[in-house]
Amino acid sequence: MNRLRLRKLRQTGAFSLLWFTGAFSVLIMLFVVGYVIMKGFAHLTPDFFTTPPRGGLSGEGGISSTIIATIYLVICTLIVATPLGIGAGVFLVEYADHLKSRIIKNFVALARFGVETLAGVPSIIFGLFGYALFVTAMHFGFSILSAALAGSCLVIPVIIRTTEEALKAVPDSYRQASLAMGASRWETIRKVVLPSAVTGISTGLILSAGRIVSETAIFYVTLGGSYRTPTSIMSSGRTMALHVYYLAMETRAFDKAMATGAVLVVLIIIINLVINVISRRLSAKTGS
Amino acid sequence: MTGKKRLESAVKYIFLFSALMSILIVVMIGIFTFREAIPAFREIGIIKLLTGTVWRPGQGQYGILAMIAGSGLVTLGAVVIGVPLALGCAIFLSEIAPPAVRSFVRPSIELLAGIPSVVYGLFGMVVIVPLVRNIDVPGNTGFGLLSASIVLAVMILPTISSVSEYAIRSVPKRFREGSLAMGATKWETMTKVILPGARSGIMSAIILGLGRALGETIAMIMVIGNSVIIPFAASDNPLSIFLSRARTLTGNIAVEINYATGLHESALFATGVVLFALIMIMNSSARMLIGRKKWEK
Numbered sequence: 055m056n057r058l059r060l061r062k063l064r065q066t067g068a069f070s071l072l073w074f075t076g077a078f079s080v081l082i083m084l085f086v087v088g089y090v091i092m093k094g095f096a097h098l099t100p101d102f103f104t105t106p107p108r109g110g111l112s113g114e115g116g117i118s119s120t121i122i123a124t125i126y127l128v129i130c131t132l133i134v135a136t137p138l139g140i141g142a143g144v145f146l147v148e149y150a151d152h153l154k155s156r157i158i159k160n161f162v163a164l165a166r167f168g169v170e171t172l173a174g175v176p177s178i179i180f181g182l183f184g185y186a187l188f189v190t191a192m193h194f195g196f197s198i199l200s201a202a203l204a205g206s207c208l209v210i211p212v213i214i215r216t217t218e219e220a221l222k223a224v225p226d227s228y229r230q231a232s233l234a235m236g237a238s239r240w241e242t243i244r245k246v247v248l249p250s251a252v253t254g255i256s257t258g259l260i261l262s263a264g265r266i267v268s269e270t271a272i273f274y275v276t277l278g279g280s281y282r283t284p285t286s287i288m289s290s291g292r293t294m295a296l297h298v299y300y301l302a303m304e305t306r307a308f309d310k311a312m313a314t315g316a317v318l319v320v321l322i323i324i325i326n327l328v329i330n331v332i333s334r335r336l337s338a339k340t341g342s
Numbered sequence: 004m005t006g007k008k009r010l011e012s013a014v015k016y017i018f019l020f021s022a023l024m025s026i027l028i029v030v031m032i033g034i035f036t037f038r039e040a041i042p043a044f045r046e047i048g049i050i051k052l053l054t055g056t057v058w059r060p061g062q063g064q065y066g067i068l069a070m071i072a073g074s075g076l077v078t079l080g081a082v083v084i085g086v087p088l089a090l091g092c093a094i095f096l097s098e099i100a101p102p103a104v105r106s107f108v109r110p111s112i113e114l115l116a117g118i119p120s121v122v123y124g125l126f127g128m129v130v131i132v133p134l135v136r137n138i139d140v141p142g143n144t145g146f147g148l149l150s151a152s153i154v155l156a157v158m159i160l161p162t163i164s165s166v167s168e169y170a171i172r173s174v175p176k177r178f179r180e181g182s183l184a185m186g187a188t189k190w191e192t193m194t195k196v197i198l199p200g201a202r203s204g205i206m207s208a209i210i211l212g213l214g215r216a217l218g219e220t221i222a223m224i225m226v227i228g229n230s231v232i233i234p235f236a237a238s239d240n241p242l243s244i245f246l247s248r249a250r251t252l253t254g255n256i257a258v259e260i261n262y263a264t265g266l267h268e269s270a271l272f273a274t275g276v277v278l279f280a281l282i283m284i285m286n287s288s289a290r291m292l293i294g295r296k297k298w299e300k
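Chains as they are written, first to last, in the numbering used here: chain B, 55 to 342; chain R, 4 to 300.
Dropping the structure here:
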């Protein structure tokens, strides 16, 4: 009887420790997010969003040009990455299982390996690659173009994975019905499968936009860091995340850095919420 | 009709091409970084590069041992701090958290994964570094391995926690039921049945976390101090090695690549090759561990 009590006691001790780790992680999140937002918001004024950084060692000015550069870069990256990512996802779900040629089947295995490997490559390697290929070898220089091409390596696996999941969630009966009506595979994909998967795929694009907004290392070595407003895809630029880095490391303007960081964190929270709402709605619809 | 058929097969090959783009990028990354690194491997020598303790590009000395030590130690520190916390969270979320608590804790941990690394770096500079500076050891500035390990531990927590949780969840229910039916307590069931069953999944989670830690760049540059020295203990306590400044492999590349030329640039690409190889080895071993265990239903 006594031993049983000891065993129960041990369990109570262990469980309280586990509750503690759970609570502690939440506290860490609340502390980091809360600290950055509270400190940052103290320095946020409407002017901060509408004036460009003035540069110099004091880190004067706002963040308007970095907001424009960020939006510019997100759009350019998605233009490169979206067709490739969705195309790859469509192939892996809609075509890969219906192949007859052994050679193409090997290609599929290779493609899957590529997606998994790419997802694990650290971003500084993408930066190094982008610097060697786009900035130097192809003479794009430090520009939105170079950064977008390097950045798309980061988000292509994200888009492929979410596309795959969205397509897998489309019931097979839809495809069978369409094919039975005499539609070809491409017609089925274009008119039946993709329209029903579009919400799921869009979460992948939102997630990718978030990754570009948060990423710093790739753009530190490919984007150049000019705080002027970019005027074309060949312009150098500075995203908000990059601006935080320069403010903290080069001008030591921690207040401005914190304010910019707070804007980033709020953006990321919004993105997370949107994705959560969409995926909850999706899983409610499919009933899983 | 033939036009339609031709369109069908054209579309298929376009999709095939997009699917192959990923492997193409991986191959191109390999080729480009390696090609740029060849002069360094040839002129400095692989052994000298990997074991050289002095990195002075101005004087033609290119040894990356200090950076290997820096990356290794900071990753070790992050694992020591982060793994117990992450595993605790994984067990908590999969085994004992009531659904209402879980639906709050899990998104919180997911949000940790979304916070930009530059924000972690900033938080580290403003909050963690001043705290660490209070430790009374000669030469301690707060910037160094300990601050970097703490920041990194938080950054790898979501990866390790979510992959381990998945591994724990995929242990079949009948194992748990069998153990409970034999009179084991819930905790005994967890430690003696469920966790051993999920071991390979948990191992792969930790390795994935290690890969993440090794690859982190910006947050590390911001808090680790970036001095090219082999970390050393500045007091009698050997643990004070963690108060030493250091530089990571990733930081070495990022800090110097934009102005490096010639052999210096090539040596940075060689640093990239070493990093890429390390991470490829880790990720493929994690993948092998995940793939090995499949429970029969």
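The C-beta atom is built at its ideal place from N, Cα and C for all residues, glycine as well.
Residue i, DSSP secondary structure in three states
i	result
Arg100(R)	Rather than Arg, the amino acid found at residue 100(R) in this sequence is Ala. DSSP places Ala100(R) in coil when its eight states are reduced to three.
Ala249(R)	strand
Glu114(B)	strand
Arg306(B)	coil
Tyr65(R)	strand
Gly145(R)	coil
Arg282(B)	coil
Gly195(B)	coil
Gly6(R)	helix
Lys300(R)	With a pLDDT of 46 at Lys300(R), under the threshold of 50, the modelled position of this residue cannot be trusted; read the value that follows with caution. In this structure, Lys300(R) counts as coil in the three-state DSSP scheme.
Gly236(B)	coil
Pro107(B)	strand
Arg334(B)	helix
Gly186(R)	coil
Gly315(B)	helix
Residue i classed as buried or exposed, judged by whether at least 16 other C-beta atoms fall within 10 angstroms
i	result
Leu72(B)	buried
Val57(R)	exposed
Val189(B)	buried
Glu218(B)	buried
Phe272(R)	buried
Leu149(R)	buried
Met92(B)	exposed
Met285(R)	buried
Ser342(B)	Here the model assigns Ser342(B) a pLDDT of 47, short of 50, so the residue's position is not dependable and the matter cannot be decided.
Pro161(R)	buried
Met291(R)	exposed
Ala135(B)	buried
Ser235(B)	Here the sequence assigns Met to residue 235(B), which means Ser is not the residue at that position. Under this definition Met235(B) is an exposed residue.
Chain-ordered chain R contacts of residue i [CB-CB under 8 Å]
i	result
Met312(B)	Leu125, Val129
Asn326(B)	Pro110, Glu113, Leu114, Gly117
Thr285(B)	Correct list: empty, because the minimum Cβ distance to chain R is about 22 Å.
Chain-ordered neighbours of residue i on chain B, where CB pairs are closer than 9 Å
i	result
Phe178(R)	Those within 9 Å of Phe178(R) in chain B number zero; the least Cβ separation is about 18 Å.
Phe272(R)	Leu182, Ala186
Thr307(R)	With chain R covering only 4 through 300, there is no way to say anything about residue 307(R).
Glu191(R)	Arg61, Arg64, Gln65
Ser288(R)	The premise fails here: Ser288(R) is roughly 11 Å from chain B at the closest Cβ pair, so nothing lies under 9 Å.
Interface partners of residue i on chain R, CB under 9 Å
i	result
Phe78(B)	Leu88, Gly91, Cys92
Integer-rounded CB distance, given that residue j should sit under 8 Å from residue i
i	j	result
Val29(R)	Leu172(B)	6 Å
Ser238(B)	Lys7(R)	7 Å
Leu318(B)	Val122(R)	6 Å
Asn3(R)	Met70(R)	Nothing can be reported for residue 3(R), as the shown portion of chain R is limited to 4 through 300.
Ala156(R)	Gly85(R)	3 Å
Gly145(R)	Ala222(R)	That pair is no contact at about 15 Å.
Closer than 7 Å at the beta carbon, the chain R residues around residue i
i	result
Cys207(B)	Ile28
Thr75(B)	Leu88, Gly91, Cys92, Phe95
Proximal residues of chain B, C-beta to C-beta of residue i below 8 Å
i	result
Pro133(R)	The contacting residues do not exist; Pro133(R) stays about 11 Å from chain B at best.
Met225(R)	Tyr299, Ala302, Met303
Val277(R)	Within 8 Å Cβ-Cβ: nothing; Val277(R) doesn't reach chain B, min ~11 Å.
Glu259(R)	Simply none; closest approach about 10 Å.
Gly200(R)	Those do not exist, as Gly200(R) stays about 18 Å from chain B at its closest Cβ, beyond 8 Å.
Interface partners of residue i on chain B, CB under 7 Å
i	result
Ile3(R)	Any question about residue 3(R) goes unanswered here, given that chain R covers just 4 to 300.
Ser247(R)	Under the 7 Å cutoff, chain B gives no residues; its nearest Cβ is about 20 Å from Ser247(R).
Phe35(R)	Phe183, Ala186, Leu187
Residues, ordered as in the chain, of the stretch 157–170 of chain R that lie near chain B by beta-carbon distance below 7 Å:
Val157, Leu160
Which residues, taken in chain order from the stretch 4–25 of chain R, show a beta carbon closer than 8 Å to some beta carbon of chain B?
Lys7, Leu10, Glu11, Val14, Lys15, Ile17, Phe18, Leu19, Phe20, Ser21, Ala22, Leu23, Met24, Ser25
Which residues, in order along the stretch 39–62 of chain R, keep a beta-carbon less than 8 Å from a beta-carbon of chain B?
Glu39
Just by C-beta distance, which residues in the stretch 267–280 of chain B are closer than 7 Å to chain R?
Ser268, Thr270, Ala271, Tyr274, Val275
Using a Cβ-Cβ cut-off of less than 9 Å, give me the residues of the stretch 96–128 of chain B that come near chain R, in sequence order.
none
Near-chain R residues of the stretch 208–230 of chain B - C-beta to any C-beta below 9 Å:
Ile210, Pro211, Ile214
Listed in chain order, which residues of the stretch 236–249 of chain B have Cβ atoms closer than 7 Å to some Cβ of chain R?
Ser238, Arg239, Trp240
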